[in-house]
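Just so you know, the sequences run in chain order A and B. Counting from 1, one number per residue, gives the positions in the first sequence under the numbering used here. Counting from 1, one number per residue, gives the positions in the second sequence under the numbering used here. These notes are about the structure you will find just below.
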Amino acid sequence: MRRAFVATTVLSVSVAPIGAFLVLRRLSLAGEAMAHAITPGVVIGFVTAGLSVTSLLVGGLIAGIGVAGLSALVAQQTILRSDASLASMYLISLAAGIFILSVAGSPVPLQSFLFGSILGIDDASMMLLGGTATLTLISFAVLLRPLIISSCDPVFFESQTSKPWIVDQGFMLLLVLNLLAAFRTLGTLMAVGLMILPATAARYWANTITWQLLLGFIFALMSCWIGLTLSYFLPQTPSGPAIVLVAGGLFFISMLLGPYGFSERFRRSSDASNTPRFTLSKGKTP
Amino acid sequence: MACWHAQSDLDRYVPAFEVGYRLWGLHHAEVLLNTRTDPPANVLDRDEHPHADRGGGGCLGGYLGRYFCCDLMTALLTVSDLALGYAGRTLFDDLSFDIDKGKTLAVLGHNGSGKSTFVKALLGLIRPMAGQFHWHDGRPTQIGYLAQMTEFDRRFPIRVRDLVAMGAWKGLGLRAGLYGAARLRMEAAMDATGVLGLANAPLHTLSVGQLQRTLFARVMMQDAPLVLLDEPFAAVDQTTEAHLLSIIHQWTTEGRTVVLVVHSLSSVLHNFDEVLLLGSGMATHGPVDHTLSPERLVVHNYLSQNQADWIFRRPPEPMVSGDA
Numbered sequence: 001m002r003r004a005f006v007a008t009t010v011l012s013v014s015v016a017p018i019g020a021f022l023v024l025r026r027l028s029l030a031g032e033a034m035a036h037a038i039t040p041g042v043v044i045g046f047v048t049a050g051l052s053v054t055s056l057l058v059g060g061l062i063a064g065i066g067v068a069g070l071s072a073l074v075a076q077q078t079i080l081r082s083d084a085s086l087a088s089m090y091l092i093s094l095a096a097g098i099f100i101l102s103v104a105g106s107p108v109p110l111q112s113f114l115f116g117s118i119l120g121i122d123d124a125s126m127m128l129l130g131g132t133a134t135l136t137l138i139s140f141a142v143l144l145r146p147l148i149i150s151s152c153d154p155v156f157f158e159s160q161t162s163k164p165w166i167v168d169q170g171f172m173l174l175l176v177l178n179l180l181a182a183f184r185t186l187g188t189l190m191a192v193g194l195m196i197l198p199a200t201a202a203r204y205w206a207n208t209i210t211w212q213l214l215l216g217f218i219f220a221l222m223s224c225w226i227g228l229t230l231s232y233f234l235p236q237t238p239s240g241p242a243i244v245l246v247a248g249g250l251f252f253i254s255m256l257l258g259p260y261g262f263s264e265r266f267r268r269s270s271d272a273s274n275t276p277r278f279t280l281s282k283g284k285t286p
Numbered sequence: 001m002a003c004w005h006a007q008s009d010l011d012r013y014v015p016a017f018e019v020g021y022r023l024w025g026l027h028h029a030e031v032l033l034n035t036r037t038d039p040p041a042n043v044l045d046r047d048e049h050p051h052a053d054r055g056g057g058g059c060l061g062g063y064l065g066r067y068f069c070c071d072l073m074t075a076l077l078t079v080s081d082l083a084l085g086y087a088g089r090t091l092f093d094d095l096s097f098d099i100d101k102g103k104t105l106a107v108l109g110h111n112g113s114g115k116s117t118f119v120k121a122l123l124g125l126i127r128p129m130a131g132q133f134h135w136h137d138g139r140p141t142q143i144g145y146l147a148q149m150t151e152f153d154r155r156f157p158i159r160v161r162d163l164v165a166m167g168a169w170k171g172l173g174l175r176a177g178l179y180g181a182a183r184l185r186m187e188a189a190m191d192a193t194g195v196l197g198l199a200n201a202p203l204h205t206l207s208v209g210q211l212q213r214t215l216f217a218r219v220m221m222q223d224a225p226l227v228l229l230d231e232p233f234a235a236v237d238q239t240t241e242a243h244l245l246s247i248i249h250q251w252t253t254e255g256r257t258v259v260l261v262v263h264s265l266s267s268v269l270h271n272f273d274e275v276l277l278l279g280s281g282m283a284t285h286g287p288v289d290h291t292l293s294p295e296r297l298v299v300h301n302y303l304s305q306n307q308a309d310w311i312f313r314r315p316p317e318p319m320v321s322g323d324a
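As structure tokens, this is what we get:
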């Protein structure tokens, strides 16, 4: 149980910034899709190389990058939009994963595959979590500025740099890594919940990126701790859904109370009278 | 290409000095400054184009001749034999002209004629099918760019000042903050565009006009010799348009070149120096008043014959008021 608390704390650190940028880059649903897309890779890894972190990592990364790259290629070269091509790819991928899982009879039961088994995390999974968190934080420390600019105004970003794809692909890679790290604790279906919900909840309070990231982390942490405690004291409750449900509760509270939620529905800033008046500079305009 | 004609050397001398100072910074200005006590006689009196050999003559004349008549008025870049298009479809080809420093070039044409494509090709985002851009002083490290408004996400959680600061991103790199002179420059830019009072406002509270002025401030932060604006007035009201136009003219007096996609014919006729008229698979470039003839506008499919007749009709005789 103590191990579970440590694991989810580390996970919150790592997953919060990923979730924030998934939301800001309008990729909220793409995160979910990627979570499904890595399934066949993980399954094949488990079936062929046994139940280890290495097989999880290798299989998942190959499947994740494959699906992301393939759907980007399809979106670029054919008429399908990126969301449609990603949806097609991940559905195929998910079906293949479940199919292989059933046929080959993986050692992992389907339920723990989808929803995680947080109370039985081994050392290797902890290492994977720690490593992913470290890598994520370092990458964000370096890439934060380009990431913000490319999320806010991609066209401007493209005009400013010769290799805009580095940021896109790097972010996708981090996403897949974090999904894999969260795989053991929360399962493929619940992992995205811990990314998206704290971030969307934070958006109701934050008007700067800094606050968005910080609040997202705090919400993720709260969800994990409260959710774990709940599932510990209520018998027979799964930890993954408990954590995500707490995050959902925080989301609803934020929606109702946050300054950018229902309480102030996109109202113009109240200081409308303070908006500066400009004067035409003299003689410049013909 | 205009040249510096001097009737009276002395009163042409000072403004020329100022322009030279702005364009080339201190070094060239010092060269001029040293010679300033001795106003040049017979330096800038040529009627003909000054590229004719004048280098060897008196040293002062040589200096000023070179700086004012050649460097000052040279082109920022030369477009040669340019053809743009997408796979299987050529938008236009065989386009050659100079884009001069400190001038405004309006790009005009019907929808799908390649206006935005031309701008993106200048930016380097699209590869031309043929031809090239020749940059006379090398490609600028910074090109100001403002895309069409429709491509912008206004719900992004940043403040006006952050968006403006983005313009300085390339100079700052990954970590450095915006302090000292750069911060003053940012405030000056926000002041000039009239968004200083909104510096801490989140983006989603802005009106379209306020957002566009914020984006203009960001362009100013880019401090680029060439500024590309894709339909900057598409969604803003008349007052804002007038204000933005005054900013654009301010840029040209600072020696910056502005290339902008505009839809309004009257705006082009009144406000800009040169025009690139696209459409019907052709491209025509020239000074605004010579190029935008009704016949050309019809040929380029920008106007129908009826519209052209109506717009370019003779103004009616003034009504004689009945007080006689």
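Even glycine gets a Cβ: it sits at the ideal position worked out from N, Cα and C.
Taken through DSSP and simplified to helix, strand or coil, residue 99 of chain B comes out as strand. In this chain, the alpha helix (DSSP H) harbouring residue 90 of chain A covers 82-104. For residue 123 of chain B, the nearest CB of chain A lies under 7 angstroms from its own CB, placing it at the interface with that chain.
Within its own chain, the residues whose Cβ lies closer than 8 angstroms to the Cβ of residue 157 of chain A, once the five positions on either side in sequence are excluded, are 146, 149, 150, 164, 167, listed in chain order. Proximity to residue 114 of chain B across B:189, B:204, B:86, B:178 peaks at B:86, based on C-alpha coordinates. For the pair residue 152 of chain A and residue 8 of chain A, the CB atoms are not nearer than the 7 angstroms cut-off. Residue 156 of chain B belongs to the set of residues whose beta carbon lies under 7 angstroms from a beta carbon in chain A. Here DSSP, grouped into helix, strand and coil, assigns residue 157 of chain B to coil. The beta carbon of residue 209 of chain A lies closer than 7 angstroms to those of 148 in the same chain, with the five residues before and after it left out. Residue 195 of chain B: not part of any beta strand (DSSP E); DSSP gives it neither H nor E.
When beta bridges are read from the DSSP output, residue 250 of chain B appears opposite no residue. C-alpha of residue 290 of chain B to C-alpha of residue 268 of chain B: approximately 12 angstroms in a straight line.
Residue contact with chain A for residue 145 of chain B: present (Cβ-Cβ distance below 7 angstroms to some residue of chain A). For the pair residue 147 of chain B and residue 272 of chain B, the CB atoms are not nearer than the 7 angstroms cut-off.
By the neighbour-count criterion, in which a residue is buried when 16 or more other Cβ atoms sit within 10 angstroms of its Cβ, residue 198 of chain A is buried. Residues of chain A with a Cβ closer than 7 angstroms to the Cβ of residue 152 of chain B are, in chain order, 153. Taking the Cα positions, residue 20 of chain A is about 7 angstroms away from residue 195 of chain A.
Listed in chain order, the non-local C-beta contacts of residue 191 of chain B below 8 angstroms within the same chain number zero, local neighbours out to five positions each way being set aside. Assignment of residue 293 of chain B by DSSP, reduced to helix, strand and coil, places it in the coil class. Scanning chain B for C-beta atoms nearer than 7 angstroms to the C-beta of residue 212 of chain A yields 157, reported in chain order.
For residue 216 of chain B, the number of other beta carbons within 10 angstroms of its own is at least 16, and it is reported as buried. With respect to chain B, the C-beta atom of residue 182 of chain A has no partner C-beta closer than 7 angstroms.
Inter-residue distance for residue 91 of chain B and residue 118 of chain B is about 10 angstroms (C-alpha atoms, whole angstroms). When Cβ-Cβ separations below 7 angstroms define contact, residue 220 of chain B makes no contact with chain A.
Restricted to the stretch 254-278 of chain B, the alpha helix (DSSP H) segments that are unbroken, complete and at least 4 residues in length are 265-271, listed in chain order. Per DSSP, the beta bridge partners of residue 229 of chain B are B:146, B:260.
Using a 10 angstroms sphere on the CB of residue 252 of chain A, the tally of other CB atoms stays under 16, which defines it as exposed. In terms of beta-carbon proximity, residue 28 of chain A stays away from the interface with chain B, with every pair separated by 7 angstroms or more. The straight-line gap separating the alpha-carbon atoms of residue 175 of chain A and residue 303 of chain B is approximately 51 angstroms. If you ignore the 5 residues before and after residue 130 of chain A, its C-beta comes within less than 7 angstroms of the C-beta of 10, all in its own chain and listed in chain order. Residue 235 of chain B sits in coil when the DSSP states are folded into three classes, being neither helix nor strand. When Cβ pairs closer than 8 angstroms are counted between the two stretches, the stretch 279-289 of chain B is seen not to touch the stretch 126-137 of chain B, the count staying below three. Closest in alpha carbon position to residue 84 of chain B, among B:211, B:128, B:122, is B:128.
Contact of residue 166 of chain B with chain A is assigned, a C-beta pair being separated by under 7 angstroms. Residue 17 of chain A is a Cβ neighbour of residue 213 of chain A, given a cutoff of 7 angstroms. Counting the other Cβ atoms within 10 Å of the Cβ of residue 182 of chain A gives 16 or more, which makes it buried.
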